[in-house]
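For reference, each letter of the sequence shown is one residue, going 0 to 183 in numbering that gives the first Met the number 0. Structure first, commentary second.
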Amino acid sequence: MGVTLIGGGVRSGKSRFGLELGRKRFANGAFIATAEARDAEMVERIRRHRAERGSDWTTIEEPLDLAGAIERAAARFDGCVVDCLTLWLSNVMLSPAHDADEQIDRLILLLETGAVADVIVITNEVGCGIVPENELARRYRDLAGGLNQRVAALADEVYWMAFGVPVELKALAASNALRSRKRM
């Protein structure tokens, strides 16, 4: 099991790059979509993303139970692309039935244990802008930053997307070397 994290700003090419990696790595891959079509613009955005993926991906739509969706996908597929972590966090935070901290811990535990197939996780960087004016937005920004750091720490590979260009921040070989040193 391996975890790859792809982060960057809006329209930086994260989803396209994640799909390219998935196509190279998975013979039988799933795409876990966290978006919900709550307005006409989001309906159109989801339609465009589906068209970009094409028919070679099995799409699992799961806005809230991301850890469960990854576990279920692992039973049927050799890998999955999750798009996107920060949208999932927003969904969880706005759901009265879910505790964001508990859901984050559950996801991190699942990814740390390595009990699932390869996972490519796409996320947005939300901390490069101004300090939000309201408490909910500041909590979201803080939780997203912490979540991204936790996933990056356990990931085998981390990429930053800028202008459609992937910049490798953490390589698989470096991750394996660090793990070997920790075992000694």
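Glycine included, C-beta positions come from ideal geometry on N, C-alpha and C. Model, not experiment: these values are computed from the prediction.
I'd like to know whether the C-beta atoms of residue i and residue j end up nearer to each other than 8 Å.
{"i": "glutamate 185", "j": "glycine 12", "result": "Any answer about residue 185 is impossible in this case: the structure gives the chain only from 0 up to 183."}
{"i": "aspartate 82", "j": "phenylalanine 25", "result": "no"}
{"i": "valine 42", "j": "leucine 63", "result": "no"}
Taking the alpha carbon of residue i as the reference point, which residue from the options has its own alpha carbon closest?
{"i": "arginine 10", "options": "Gly21, Thr3, Gly163", "result": "Gly163"}
{"i": "tryptophan 56", "options": "Glu40, Arg75, Thr3, Asn27", "result": "Asn27"}
{"i": "leucine 153", "options": "Asp104, Pro95, Ile129", "result": "Asp104"}
{"i": "isoleucine 2", "options": "Ser94, Asp77, Ile45", "result": "Note that residue 2 is valine in the sequence shown, not isoleucine. Nearest option by C-alpha distance: Asp77."}
{"i": "leucine 142", "options": "Thr112, Trp87, Leu108, Ile121", "result": "Trp87"}
{"i": "arginine 75", "options": "Leu109, Gly17, Phe30", "result": "Phe30"}
{"i": "leucine 146", "options": "Leu135, Ala96, Leu106", "result": "Leu106"}
{"i": "arginine 149", "options": "Leu110, Ala66, Ala68", "result": "Leu110"}
{"i": "glycine 53", "options": "Glu19, Ala36, Ala66, Ala151", "result": "Glu19"}
With a CB to CB cut of under 7 Å and the five nearest residues on each side skipped, what residues in its chain are close to residue i?
{"i": "glycine 168", "result": "Per the sequence shown, residue 168 should be read as leucine rather than glycine. Cβ within range, chain order: Val157, Tyr158, Trp159."}
{"i": "threonine 85", "result": "Thr122, Asn123, Val125, Ala143"}
{"i": "glycine 21", "result": "Gly28, Gly78, Val80, Ile119"}
{"i": "alanine 36", "result": "Val42, Ile45"}
{"i": "alanine 66", "result": "Arg105, Leu106, Leu109"}
If I follow the unbroken alpha helix (DSSP H) through residue i, where does it start and stop?
{"i": "alanine 193", "result": "Nothing in the structure corresponds to residue 193, since the chain is present only between 0 and 183."}
{"i": "threonine 33", "result": "Counting along the chain, threonine 33 falls outside any alpha helix (DSSP H), and DSSP gives it neither H nor E."}
{"i": "glutamate 19", "result": "13-24"}
Over the uninterrupted beta strand (DSSP E) stretch that includes residue i, give me the two end residues.
{"i": "phenylalanine 162", "result": "No beta strand (DSSP E) holds phenylalanine 162; DSSP gives it neither H nor E."}
{"i": "glycine 144", "result": "Element bounds for glycine 144: not the beta strand (DSSP E) but the alpha helix (DSSP H), 134-153."}
{"i": "isoleucine 121", "result": "117-123"}
{"i": "isoleucine 197", "result": "Residue 197 is absent from the model: the chain starts at 0 and stops at 183."}
Note down, in chain order, each residue of its chain lying with its Cβ closer than 8 Å to the Cβ of residue i, except the 5 sequence neighbours on either side.
{"i": "arginine 15", "result": "Glu51, Gly163"}
{"i": "arginine 137", "result": "Val130, Pro131"}
{"i": "alanine 32", "result": "Ile45, His48, Thr58, Ile59, Glu60, Glu61, Asp82"}
{"i": "alanine 99", "result": "Leu88, Val91, Met92, Leu142"}
{"i": "methionine 183", "result": "Because methionine 183 carries a pLDDT of 43, less than 50, the predicted location of this residue cannot be relied on, and no value is offered for it."}
{"i": "serine 179", "result": "Its pLDDT being 43, under 50, serine 179 is placed unreliably by the model, and the measurement read from it follows with that caveat. Here the set comprises nothing."}
Report, in whole angstroms, the separation of the C-beta atoms of residue i and residue j, which I expect to be a contact under 8 Å.
{"i": "glycine 128", "j": "glycine 144", "result": "Their Cβ separation, rounded to whole angstroms, is 12 Å, which puts glycine 128 and glycine 144 out of contact at 8 Å."}
{"i": "tyrosine 139", "j": "serine 94", "result": "About 13 Å separates the two Cβ atoms, so there is no contact after all."}
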